[in-house]
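A.B. asks: Chains as they are written, first to last, in my numbering: chain A, 85 to 186; chain U, 85 to 186.
Think of the CB as a built atom: it goes at the ideal place given N, C-alpha and C, for glycine as much as any other residue.
In this text, all values refer to a predicted model and were calculated from it rather than measured experimentally.
Protein chains: 2
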Amino acid sequence: MEIKHVLVVKFKESVSEEQIEDCIKQYGKLVDLIPSIKAFKWGKEIGMLNLNQGFTHVFESTFESVEDVIGFATNPHHTNYSSVLMPLVEKFVLLDFQPAKV
Amino acid sequence: MEIKHVLVVKFKESVSEEQIEDCIKQYGKLVDLIPSIKAFKWGKEIGMLNLNQGFTHVFESTFESVEDVIGFATNPHHTNYSSVLMPLVEKFVLLDFQPAKV
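1. How is K128(U) classed by DSSP in three states: helix, strand or coil?
2. When you compare the CB of I130(A) with every CB in chain U, is at least one pair closer than 9 Å?
3. Which stretch, first to last residue, makes up the alpha helix (DSSP H) that contains T158(A)?
4. For a quick check, are the C-beta atoms of I108(U) and V99(A) less than 9 Å apart?
5. Given a threshold of 16 other Cβ atoms within 10 Å of its Cβ, counted over all protein chains shown, does L169(A) qualify as buried or as exposed?
6. May I have the straight-line CA-CA distance separating I104(A) from K94(A), to the nearest angstrom?
7. Please classify K88(U): does DSSP put it in a helix, a strand, or coil?
8. Between the Cα of V115(A) and those of N159(A), Q182(A), L179(A) and P171(A), spot the shortest distance and give me the residue it belongs to.
9. What are the uninterrupted segments assigned as alpha helix (DSSP H) that are 4 or more residues long and contained completely in the region 92-147 of chain A, given in chain order?
10. Can you tell me whether DSSP reads V168(U) as helix, strand or coil?
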């Protein structure tokens, strides 16, 4: 089983590129701290279709079960990280889903 | 090179499960009609963390270049599909990004 935990973010205008880079780096470090994260990828909106509603960054982590996502959400390493990230964020969407083919 | 084209959707309340299933199936058919789509996956929000801001479905297609995404966006098979999908959608976010590891 594979569960994707996808966070889509718009940072506040006051947030610098350095702060965003640091957020990405710190998220990546969670992979070492929380073994239930099986993979982590991030991406920045390329900005060609302009249908991103202001959202610019995607953070995608992969888990093996719903329980592992709940464990991640409540893990102190993650809640500490969230308390640093969230004040920098103007809006976000967080989705958990099991990817399927048609 | 890999470009992810991710559509996050909230369907209108009037839209039935059957209509949503049909949207997923029709998106899947685009893979056969548009060879530049290298992969297609979809997922439904599991709904455990309740931070999805009403969005419920993710449609993720994979391309090999920005040009291929632009070709897809303007392909008549895709624009026909969009004209069926979009009237069913209350809100959406569309992001194109190159997935990266930390």
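C.D. replies: Concretely, from the data shown:
1. The residue labelled residue 128(U) in the question sits at position 44 within the second sequence. Residue state, collapsed to three classes: strand.
2. Taking the first residue of the first sequence as position 1, residue 130(A) is located at position 46. So yes, I130(A) belongs to the interface.
3. Numbered from 1 along the first sequence, position 74 holds the residue referred to as residue 158(A). In this chain, the alpha helix (DSSP H) harbouring T158(A) covers V150 to T158.
4. The residue labelled residue 108(U) in the question sits at position 24 within the second sequence. The residue labelled residue 99(A) in the question sits at position 15 within the first sequence. Remark: C-beta atoms of I108(U) and V99(A) do not approach each other more closely than 9 Å.
5. The sequence position of residue 169(A) within the first sequence is 85, counting from 1. It counts as buried.
6. Here the question's residue 104(A) lines up with position 20 in the first sequence. Here the question's residue 94(A) lines up with position 10 in the first sequence. So the two alpha carbons sit approximately 11 Å from each other.
7. Locating residue 88(U) in the second sequence gives position 4, where the first residue counts as 1. Looking at K88(U) - three-state DSSP - the assignment turns out to be strand.
8. If you number the first sequence from 1, residue 115(A) lands on position 31. In this structure, N159(A) is the residue among N159(A), Q182(A), L179(A) and P171(A) with its C-alpha nearest to the C-alpha of V115(A).
9. If one requires a minimum length of 4 residues, the alpha helix (DSSP H) runs lying completely within the region 92-147 of chain A are 101-117, in chain order.
10. Working through the second sequence from its first residue, we reach residue 168(U) at position 84. DSSP places V168(U) in helix when its eight states are reduced to three.
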